[in-house]
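Numbering (this note's numbering), first residue to last: -6 to 251. We treat Cβ as the ideally placed atom computed from N, Cα and C, and that holds for glycine. Note sheet for the following structure.
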């Protein structure tokens, strides 16, 4: 989902695959996993030789071995002052994805220290902070405390926390922008759950940023885009295949052009 969204928004992308899976790890049974992490240094070396550069680096689901390789690989991009968006895709609904353990959380903590923007969901945020994954009595104040703790722990000036459950059947996105300003965006919870919504959010957030939106504006567009994709999805569709993001792309492009 990442590349179609970014490409449709007019951005030129280059994929650096860290692994090939037969399916994602949610709901399809035992997926295959081909680790490609050993090839990453050679790919970087070739890109450097050809003087291929990037405005932004976007990391999502990596895999155990690749996360260790990226820890070293990010150092040069960080020195160059590149925008590094880390979506620490490793957990949701209170538990780690299949194939990950506590050592992967530690690896994501290391990568977070090199990021420019961190976009965890609530489960991932609590794991990164080594806090109990407990969603009871969750409110705006606690969400704001979490993003400030993330910023402090990982020396970040920009954080976006997604999937925060709120009262009155609402869901929230909370953010910390440069300068220390904290903000929130809430909307009615849509009574459908699809895999891949985190990818859609982070991809459209990055597209918004690279089109000149500030972090809060980009998060607002990304949240609305995900909601529209879900609402456009046939209710009979297998939820494992994710929402119908293609139906919402024209709306997203209109927002970015404005």
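Using a Cβ-Cβ cutoff of less than 6 Å, which residues in the same chain neighbour residue 119 once the five nearest sequence positions on both sides are dropped?
Numbered from its first residue, the chain shown carries residue 119 at position 126. Hits under 6 Å: 126.
Thinking just about the alpha-carbon of each residue, which of 193, 54 and 241 is nearest to the one in residue 222?
Residue mapping note: residue 222 aligns to position 229 of the chain shown, counting from 1. Nearest C-alpha to residue 222: 241.
Exposed or buried, what is residue 22 when buried is set at 16 or more other beta-carbons lying within 10 Å of its beta-carbon?
Within the chain shown, residue 22 is the residue found at index 29, counting from 1. Residue environment for residue 22: exposed (fewer than 16 other C-beta atoms within 10 angstroms of its C-beta).
Distance between beta carbons of residue 90 and residue 57, contact taken as under 8 Å
Residue numbering aside, residue 57 sits at position 64 when the chain shown is read from its first letter. Residue numbering aside, residue 90 sits at position 97 when the chain shown is read from its first letter. With 8 Å as the limit, residue 57 and residue 90 do not qualify as a contact, their Cβ atoms being about 11 Å apart.
Distance between beta carbons of residue 35 and residue 254, contact taken as under 8 Å
As shown, the chain starts at -6 and ends at 251. That puts residue 254 outside it, with no answer to give.
Would you list the residues sitting across from residue 26 in a DSSP beta bridge?
Locating residue 26 in the chain shown gives position 33, counting from the first residue. Note: residue 26 sits in a beta bridge opposite 14.
Taking only three categories from DSSP, how would you classify residue 58?
As a first step, residue 58 is located in the chain shown; it is residue number 65 there, counting from the start. It is helical.
Assuming residue 246 and residue 84 are in contact, meaning their beta carbons sit under 8 Å apart, how far apart are those beta carbons, in whole angstroms?
The residue given as residue 246 occupies position 253 in the chain shown. The residue given as residue 84 occupies position 91 in the chain shown. With a Cβ gap of about 31 Å, residue 246 and residue 84 do not count as contacting.
Return the residue from the list 33, 48, 104 and 38 that minimises the CA-CA distance to residue 68.
The residue given as residue 68 occupies position 75 in the chain shown. Checking every option, the nearest Cα to that of residue 68 belongs to 104.
Pull up the distance between the alpha-carbon of residue 157 and that of residue 224, whole angstroms please.
Stepping through the chain shown from its first residue, residue 157 is reached at position 164. Stepping through the chain shown from its first residue, residue 224 is reached at position 231. Approximately 19 Å between the Cα atoms of the pair.
Could you tell me the distance, in whole angstroms, from the CA atom of residue 7 to the CA atom of residue 95?
For this step, residue 7 is matched to residue 14 along the chain shown. For this step, residue 95 is matched to residue 102 along the chain shown. Going from the Cα of residue 7 to the Cα of residue 95 covers about 30 Å.
C-beta atoms of residue 265 and residue 55 nearer than 8 Å:
A question about residue 265 goes unanswered here, because the residues of the chain that appear run from -6 up to 251.
Near residue 182, which residues of its chain fall below 7 Å by C-beta distance, leaving aside the five closest residues on each side in sequence?
Against the chain shown, residue 182 aligns to sequence position 189. Once the five neighbours on either side are set aside, the close Cβ partners of residue 182 are 162, 163 and 164.
Looking only at its own chain, which residues have a Cβ that is under 8 Å from the Cβ of residue 132, when we skip the five neighbours before and after it?
The residue labelled residue 132 in the question sits at position 139 within the chain shown. Excluding positions up to five away in sequence, the list reads 159 and 160.
So, helix, strand or coil for residue 151, using DSSP?
Residue numbering aside, residue 151 sits at position 158 when the chain shown is read from its first letter. If DSSP states are grouped into helix, strand and coil, residue 151 belongs with the strands.
In whole angstroms, give me the CA-to-CA distance for residue 128 and residue 70.
By one-based count along the chain shown, residue 128 stands at place 135. By one-based count along the chain shown, residue 70 stands at place 77. Their Cα atoms are separated by approximately 35 Å.
Would you list the residues sitting across from residue 176 in a DSSP beta bridge?
By 1-based counting over the chain shown, the position of residue 176 is 183. Assignment of beta-bridge partners to residue 176 by DSSP yields 168.
Taking 8 Å as the threshold, find out whether the stretch 165 to 175 comes into contact with the stretch 183 to 191 through three or more Cβ pairs.
no
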